[in-house]
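A.B. asks: Supplied in structure tokens, the structure appears directly below.
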């Protein structure tokens, strides 16, 4: 039984029948934002799909469809549970429907590195030069802490994004999973226990706080790296002097900022030759931003945004807009005093 949130590598569902007799997929239901890509893939190859409850509290009481839901006797060894980028924690009762060695998780790192729900994002944020994928046994006390059946290591390019790296790791993960399943069928599969401690920090879920920029401490390269890692799910965030939240889209390092841009971190000017907003960052570096979005507003090209700022001289200091960093509490206080 295969549990996943995102599209799995097609190799998993097209694998030769020497590995599987039947595949059942469990994934999230369709939402108003679109259809589940995993559901679409599974149904295109006539693989049965079961939808999990959309709310996490309800999922705790969910059971997979027969024949995996039986609690009579020991689960058969030919029933295998596989998760990949699932986004949910399976309960002990759900895990117990499968033999311990048949509870497999395809994890987007070389375990024990980057344990946690966001290994791909944190590998990019850390500027790691290598990463990989692991097939590990899920434990009741941690889905990414069990014995490792196999790993594949790959170089991590300096321009990798979450999306490009996820696609690459999915392909490697599919091949690795098939290899492990074949070894299990042949009786030659061997696992190795993980050390208790990970060499890297816990790869926690990405939150709004991870997207908040501090131009006084983050260099241009730091900011672009952050965008590559989390930009697909969280827009990089700063604030205008008025307290309006501003999202920066598709930032790039620029080595030729306009001469009029001051050295003050957060200083912003419009650079007409490149049609971008150029922002001073830590260490004298700068980023160029082609598009921005105020909260609850539509996306604006750099020129459109700047034309809306110029008529308001109170926002400018020596012809520059000075972006600021607010935390959530400070933002709430500001709005409570201005509304």
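Numbering (the numbering used here), first residue to last: 2 to 340.
Where a beta carbon is used, it is the ideal one built from N, C-alpha and C, also for glycine.
First and last residue of the alpha helix (DSSP H) that includes residue 164?
C.D. replies: 163–187 is the span of the alpha helix (DSSP H), which, as asked, contains residue 164.
A.B. asks: Take residue 153 and list the residues in its own chain whose beta-carbon comes closer than 6 Å to its own, dropping the five residues that flank it on each side.
C.D. replies: Answer for residue 153: 133, 134, 173 and 177, listed in chain order.
A.B. asks: Could you round the C-beta distance between residue 214 and residue 239 to whole angstroms and report it? I think they count as a contact, below 8 Å.
C.D. replies: Contact flag correct, Cβ pair sits at about 5 Å.
A.B. asks: For residue 250 and residue 236, which I take to be in contact (beta-carbon distance under 8 Å), what is that distance rounded to the nearest angstrom?
C.D. replies: That belief holds up - the Cβ atoms of residue 250 and residue 236 are roughly 7 Å apart, short of 8 Å.
A.B. asks: Does the distance from the CB of residue 39 to the CB of residue 26 come in under 8 Å?
C.D. replies: Cβ distance < 8 Å, so residue 39 and residue 26 count as in contact.
A.B. asks: Out of 286, 121, 246 and 264, which one is the CA nearest neighbour of residue 298?
C.D. replies: Per the Cα distances, 246.
A.B. asks: Is residue 211 closer than 8 Å to residue 179 when the C-beta atoms are compared?
C.D. replies: Contact flag unset, no.
A.B. asks: In angstroms, rounded to a whole number, what distance separates the CA positions of residue 222 and residue 74?
C.D. replies: The alpha-carbon atoms of residue 222 and residue 74 are separated by roughly 57 Å.
A.B. asks: Pick out whichever of 97, 91, 159 and 51 has its Cα sitting closest to the Cα of residue 58.
C.D. replies: Among 97, 91, 159 and 51, the Cα nearest to that of residue 58 belongs to 91.
A.B. asks: Using 8 Å as the Cβ pair cut-off and three pairs as the minimum, do the stretch 191–198 and the stretch 155–171 touch?
C.D. replies: The answer is no - the stretch 155–171 does not touch the stretch 191–198, with fewer than three Cβ pairs under 8 Å.
A.B. asks: Pull up the CB-CB distance for residue 121 and residue 89, whole angstroms please, since I reckon it's below 8 Å.
C.D. replies: That pair is no contact at about 18 Å.
A.B. asks: Assuming contact is defined by CB atoms lying nearer than 8 Å, are residue 156 and residue 131 in contact in what I supplied?
C.D. replies: Cβ distance < 8 Å, so residue 156 and residue 131 count as in contact.
A.B. asks: Check the C-beta distance from residue 252 over to residue 270 and give it rounded, since I have them as a contact under 8 Å.
C.D. replies: The Cβ separation is near 15 Å, so there is no contact.
A.B. asks: Grab the span of the beta strand (DSSP E) containing residue 150 for me, first residue to last.
C.D. replies: Where residue 150 is concerned, the enclosing beta strand (DSSP E) stretches over 149–156.
A.B. asks: Which partner residues of residue 213 appear in the DSSP bridge assignment?
C.D. replies: Answer is 238, bridged to residue 213.
A.B. asks: Going along the chain, which residues of its own chain have a beta-carbon closer than 6 Å to the beta-carbon of residue 327, five neighbours each way excluded?
C.D. replies: These residues qualify, in order along the chain: 240.
A.B. asks: Grab me the residues of residue 322's own chain with a C-beta within less than 8 Å of its C-beta, minus the 5 sequence neighbours each way, in chain order.
C.D. replies: Counting only Cβ-Cβ distances below 8 Å, and skipping sequence neighbours, we find 241, 242, 268, 269, 270, 310 and 316.
A.B. asks: Distance check for residue 80 and residue 2, CA to CA, integer angstroms please.
C.D. replies: If I take the Cα positions, the gap works out to 7 Å.
A.B. asks: Let me make sure I understand the geometry here. Which of 292, 216 and 312 has the alpha-carbon closest to that of residue 304?
C.D. replies: Among 292, 216 and 312, the Cα nearest to that of residue 304 belongs to 292.
A.B. asks: Closest to residue 96 by CA distance: which of 71, 111, 218 and 124 is it?
C.D. replies: Cα-wise, what sits closest to residue 96 is 71.
A.B. asks: Among 312, 255, 244 and 114, which one has its Cα closest to the Cα of residue 290?
C.D. replies: For residue 290, the nearest C-alpha among the options comes from 255.
A.B. asks: Do you know how far the Cα of residue 125 is from the Cα of residue 185?
C.D. replies: Each residue's alpha carbon lies about 33 Å from the other.
A.B. asks: Rounded to the nearest angstrom, what separates residue 41 and residue 62 at their Cα positions?
C.D. replies: Between residue 41 and residue 62, the C-alpha separation is close to 25 Å.
A.B. asks: Does the Cβ of residue 142 have 16 or more other Cβ atoms within 10 Å, making it buried, or fewer, making it exposed?
C.D. replies: Looking at its Cβ environment, which holds fewer than 16 other Cβ atoms inside 10 Å, residue 142 is exposed.
A.B. asks: If you reduce the DSSP assignment to three classes, tell me which class residue 24 lands in.
C.D. replies: Residue state, collapsed to three classes: coil.
A.B. asks: Of the choices 139, 23 and 44, whose alpha-carbon is the least far from that of residue 93?
C.D. replies: Closest option to residue 93, Cα to Cα, is 139.
A.B. asks: So residue 305 is in the alpha helix (DSSP H); what residue range does that whole segment cover?
C.D. replies: Looking at the DSSP string, the run of the alpha helix (DSSP H) that includes residue 305 is 303–310.
A.B. asks: Return the CA-CA distance between residue 55 and residue 188, expressed in angstroms with no decimal places.
C.D. replies: Going from the Cα of residue 55 to the Cα of residue 188 covers about 38 Å.
A.B. asks: Helix, strand or coil for residue 121? Go by DSSP, reduced to three states.
C.D. replies: Of the three classes helix, strand and coil, the one that applies to residue 121 here is helix, per DSSP.
A.B. asks: Does DSSP put residue 80 in a helix, a strand or coil?
C.D. replies: Note: residue 80 maps to coil in three-state DSSP.
A.B. asks: DSSP on residue 60, reduced to helix/strand/coil?
C.D. replies: If DSSP states are grouped into helix, strand and coil, residue 60 belongs with the helices.
A.B. asks: Please state whether DSSP places residue 203 in a helix, a strand or coil.
C.D. replies: Here residue 203 sits in coil by DSSP.
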